[in-house]
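Participant: Sequential numbering of the sequence shown, starting at 1, is according to UniProt numbering.
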Amino acid sequence: MAGPRVKLVVTADDFGYCPRRDEGIVEAFLAGAVTSVSLLVNGAAAESAADLARRHQIPTGLHANLSEGRPVGPARQGASSLLSPEGFFLGKMGFREAVAAGSVSLPQVRDELEAQLIRFRQLLGGDPTHVDGHQHVHVLPGVCQVFAEVLQANEVRFTRLPVERGVGGCAWLEAPARAFACSVERDARAAVGPFSRYGLRWTDAFVGLSTCGRHMSVHRVSRALARALEGTPTGHALTAELMAHPGYPSVPPAGGCGPEDLDLQPFLLPSWEDHTPLHASSGKAGHGERRAETWKHWPSTLAFLGPRESPEPPPGVPRTKEAKFIATPQGPRT
Numbered sequence: 001m002a003g004p005r006v007k008l009v010v011t012a013d014d015f016g017y018c019p020r021r022d023e024g025i026v027e028a029f030l031a032g033a034v035t036s037v038s039l040l041v042n043g044a045a046a047e048s049a050a051d052l053a054r055r056h057q058i059p060t061g062l063h064a065n066l067s068e069g070r071p072v073g074p075a076r077q078g079a080s081s082l083l084s085p086e087g088f089f090l091g092k093m094g095f096r097e098a099v100a101a102g103s104v105s106l107p108q109v110r111d112e113l114e115a116q117l118i119r120f121r122q123l124l125g126g127d128p129t130h131v132d133g134h135q136h137v138h139v140l141p142g143v144c145q146v147f148a149e150v151l152q153a154n155e156v157r158f159t160r161l162p163v164e165r166g167v168g169g170c171a172w173l174e175a176p177a178r179a180f181a182c183s184v185e186r187d188a189r190a191a192v193g194p195f196s197r198y199g200l201r202w203t204d205a206f207v208g209l210s211t212c213g214r215h216m217s218v219h220r221v222s223r224a225l226a227r228a229l230e231g232t233p234t235g236h237a238l239t240a241e242l243m244a245h246p247g248y249p250s251v252p253p254a255g256g257c258g259p260e261d262l263d264l265q266p267f268l269l270p271s272w273e274d275h276t277p278l279h280a281s282s283g284k285a286g287h288g289e290r291r292a293e294t295w296k297h298w299p300s301t302l303a304f305l306g307p308r309e310s311p312e313p314p315p316g317v318p319r320t321k322e323a324k325f326i327a328t329p330q331g332p333r334t
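In structure tokens form, the structure reads like this:
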């Protein structure tokens, strides 16, 4: 029996992190495996990434960052609840702990988000297609309210709601990763209220908490999408977002959002050479019998989910063909 019609958005996070990662993201976009990117405006390669986005007409959103590197707003000028004594954001878990302790100033969060939107417009010459959060900071308690207010004030309508059905039962995730994913999902569910009150929209389904980095495979993404869409009446048109982190591995100290002497390892993707090359479908979605080896990018495995017609695919990458999955953000189900 045919399932629901799905419009899939494949978003490549961390655009602007480093040139090598950006190179892979652009290749994935040109091959049709990625449909949009989220830009770190405080990333080491933010300016060159913005140039690439304009050159290739890549739909680009803001990857709001409150946890890694240096700020771009007023917090740079002095002491801030968002920063360590050395002037850097508090880190993935450090920021969460500070929010939980009530030591983060929400007006300072607002100032930094506004500054990152201004910086985005300076780099791209226009508004972001969407705004999401680096390491899902945008759904944290209190932060989500300010985030929604800032987006409404700046007339940005689309965001990400990282709620992935069944992520707590994904046995392949190590215990800390599974606990983090579950905490993100809890925060995201609580953020629905503020997001809705301020008119934000997001896709009907989301996948990506259980398929980050080395955990991404065709099988796991397909299973996660099936879980997300389970129970949907046949024939209904739905939207889904797949969060991805494609790119070639960066070589420290090249890249990141902070100083060159920071330990970048927690933010690096696994070396692609450590994995068996995967394949992208050269035919329609659901008809993957004919497959052609492309490059060792995880996103190339997703072309069977969301191929888009690419006028100029990279050398050696087969042109993807029309499929029922297209990139069209849509709001919450009503």
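Heads up, the beta-carbon is just placed ideally off N, CA and C, and yes, glycines get one too.
List the DSSP bridge partners of glutamate 241.
Facilitator: To locate residue 241, count along the sequence shown from 1; it is residue 241. Answer by DSSP bridge pairing, in chain order: Val9 and Phe206.
Participant: Just the Cα atoms here: how many angstroms apart are valine 9 and alanine 45?
Facilitator: For the purposes of this step, residue 9 is taken as residue 9 along the sequence shown, with counting starting at 1. For the purposes of this step, residue 45 is taken as residue 45 along the sequence shown, with counting starting at 1. Answer to the nearest angstrom: the Cα atoms are 24 Å apart.
Participant: Smallest Cα separation from threonine 211: which of Pro194, Asp51, Cys170 and Thr35?
Facilitator: Along the sequence shown, read from residue 1 onward, the residue named residue 211 stands at position 211. With distances taken between Cα atoms, threonine 211 lies closest to Cys170.
Participant: Within 10 angstroms of the Cβ of alanine 12, are there 16 or more other Cβ atoms? Answer buried if so, exposed if not.
Facilitator: Taking the sequence shown and counting its residues from 1, one reaches residue 12 at position 12. Buried, since its Cβ has 16 or more Cβ neighbours within 10 Å.
Participant: Under the assumption that asparagine 65 contacts leucine 40 (Cβ atoms under 8 Å), give the Cβ distance between them as a whole number of angstroms.
Facilitator: One-based indexing of the sequence shown puts residue 65 at position 65. One-based indexing of the sequence shown puts residue 40 at position 40. Asparagine 65 to leucine 40, Cβ: 6 Å. Contact.
Participant: Would you call the stretch 99-115 and the stretch 16-31 touching, i.e. three or more CB-CB distances under 8 Å?
Facilitator: Flag = no, the stretch 99-115 and the stretch 16-31 do not touch.
Participant: According to DSSP, simplified to helix, strand and coil, what is aspartate 261?
Facilitator: By one-based count along the sequence shown, residue 261 stands at place 261. Low per-residue confidence applies at aspartate 261: pLDDT is 28, beneath 50, and the placement is therefore not dependable, though the value from the model is reported in the following sentence. Residue state, collapsed to three classes: coil.
Participant: Keeping to the same chain, check which residues put their C-beta closer than 6 Å to that of proline 74; ignore five residues upstream and five downstream.
Facilitator: Numbered from 1 along the sequence shown, position 74 holds the residue referred to as residue 74. Asp111.
Participant: DSSP three-state label for arginine 160, please.
Facilitator: On the sequence shown, residue 160 is found 160 positions in, with the first residue counted as 1. In the structure shown, arginine 160 sits in coil (DSSP, three-state: anything other than H, G, I, E or B).
Participant: Enumerate in chain order the residues of its own chain whose CB-to-CB distance from glycine 168 is below 7 Å, with the five nearest sequence positions on each side excluded.
Facilitator: Taking the first residue of the sequence shown as position 1, residue 168 is located at position 168. Same-chain partners within the cutoff: Arg178 and Cys182.
Participant: Return helix, strand or coil for valine 26, following the three-state DSSP convention.
Facilitator: The residue you call residue 26 lines up with position 26 of the sequence shown. Residue state, collapsed to three classes: helix.
Participant: Along the chain, where does the beta strand (DSSP E) that runs through leucine 39 open and close?
Facilitator: Looking up residue 39 in the sequence shown gives position 39. Where leucine 39 is concerned, the enclosing beta strand (DSSP E) stretches over 36-39.
Participant: Quick check: alanine 228 and valine 207, are their CB atoms within less than 8 Å of each other?
Facilitator: Taking the first residue of the sequence shown as position 1, residue 228 is located at position 228. Taking the first residue of the sequence shown as position 1, residue 207 is located at position 207. Yes, the Cβ-Cβ distance between alanine 228 and valine 207 is below 8 Å.
Participant: CB-CB under 6 Å to glycine 166, same chain, minus the five flanking residues each way: which ones, in chain order?
Facilitator: Counting from one through the sequence shown, the residue named residue 166 turns up at place 166. Taken in chain order, the residues that qualify are Arg227.
Participant: Using a Cβ-Cβ cutoff of less than 8 Å, which residues in the same chain neighbour glutamine 116 once the five nearest sequence positions on both sides are dropped?
Facilitator: Walking along the sequence shown from the start, residue 116 turns up at place 116. Cβ neighbours of glutamine 116 beyond the five flanking positions: Val41, Asn42, Leu62, Ala64, Asn65, Val72 and Gly73.
Participant: Residues bridged to glycine 166 by DSSP?
Facilitator: Locating residue 166 in the sequence shown gives position 166, where the first residue counts as 1. DSSP lists no partner for glycine 166.
Participant: Between which two residues does the alpha helix (DSSP H) carrying glycine 193 extend?
Facilitator: Taking the sequence shown and counting its residues from 1, one reaches residue 193 at position 193. Per DSSP, glycine 193 belongs to the alpha helix (DSSP H) from 175-197.
Participant: Between the C-alpha atoms of leucine 200 and threonine 60, what's the straight-line distance to the nearest angstrom?
Facilitator: Working through the sequence shown from its first residue, we reach residue 200 at position 200. Working through the sequence shown from its first residue, we reach residue 60 at position 60. Going by the C-alpha atoms only, they are around 17 Å apart.
Participant: Relative to the C-alpha of valine 150, which residue among Ala31, Pro107 and Arg223 is closest?
Facilitator: By one-based count along the sequence shown, residue 150 stands at place 150. The shortest Cα separation from valine 150 among Ala31, Pro107 and Arg223 belongs to Pro107.
Participant: Using DSSP with H/G/I as helix, E/B as strand and the rest coil, what is histidine 136?
Facilitator: Counting from 1 along the sequence shown, the entry for residue 136 is found at position 136. Reduced to three states, the DSSP call for histidine 136 is helix.
Participant: Are the CB atoms of phenylalanine 147 and tryptophan 202 within a distance shorter than 8 Å?
Facilitator: Position 202 of the sequence shown, counting from 1, holds the residue named residue 202. Position 147 of the sequence shown, counting from 1, holds the residue named residue 147. Cβ distance not < 8 Å, so tryptophan 202 and phenylalanine 147 don't count as in contact.
Participant: Valine 251: buried (16+ other C-beta within 10 angstroms of its C-beta) or exposed?
Facilitator: Translated into positions along the sequence shown, residue 251 becomes position 251. The residue in question, valine 251, is exposed, as its Cβ has fewer than 16 Cβ neighbours within 10 Å.
Participant: Going by the CB atoms, is the gap between arginine 160 and aspartate 132 shorter than 8 Å?
Facilitator: Within the sequence shown, numbered from 1, the residue matching residue 132 stands at position 132. Within the sequence shown, numbered from 1, the residue matching residue 160 stands at position 160. Yes. Within cutoff.
Participant: Work out the CA separation of histidine 136 and tryptophan 172 for me, nearest whole Å.
Facilitator: Here residue 172 is taken as the residue at index 172 of the sequence shown, counted from 1. Here residue 136 is taken as the residue at index 136 of the sequence shown, counted from 1. Approximately 21 Å, taken between the alpha carbons.
Participant: Helix, strand or coil for glycine 61 per DSSP?
Facilitator: Numbered from 1 along the sequence shown, position 61 holds the residue referred to as residue 61. Three-state DSSP puts glycine 61 in a strand.
Participant: Going by DSSP in three states, phenylalanine 147 sits in which element: helix, strand or coil?
Facilitator: The residue you call residue 147 lines up with position 147 of the sequence shown. Helix, per DSSP.
Participant: Quick check on methionine 243: buried or exposed, where buried means 16 or more other Cβ atoms within 10 Å of its Cβ?
Facilitator: For the purposes of this step, residue 243 is taken as the residue at position 243 of the sequence shown. Buried: at least 16 other Cβ atoms inside 10 Å.
Participant: Evaluate serine 67 with the Cβ neighbour count: other Cβ atoms within 10 Å of its Cβ, from every protein chain shown; 16 or more gives buried, anything less gives exposed.
Facilitator: Counting from 1 along the sequence shown, the entry for residue 67 is found at position 67. Burial call: buried.
Participant: Alpha helix (DSSP H) containing leucine 229: first to last residue?
Facilitator: Residue mapping note: residue 229 aligns to position 229 of the sequence shown, counting from 1. Leucine 229 -> alpha helix (DSSP H) spans 218-229.
Participant: Could you tell me whether the Cβ atoms of proline 162 and leucine 209 are closer together than 8 Å?
Facilitator: Taking the sequence shown and counting its residues from 1, the one referred to as residue 162 is at position 162. Taking the sequence shown and counting its residues from 1, the one referred to as residue 209 is at position 209. Going by C-beta atoms, proline 162 is nearer than 8 Å to leucine 209.
Participant: For the alpha helix (DSSP H) containing glycine 94, name the first residue and the last one.
Facilitator: Sequence index remark: in the sequence shown, residue 94 carries index 94 (1-based). Looking at the DSSP string, the run of the alpha helix (DSSP H) that includes glycine 94 is 92-101.
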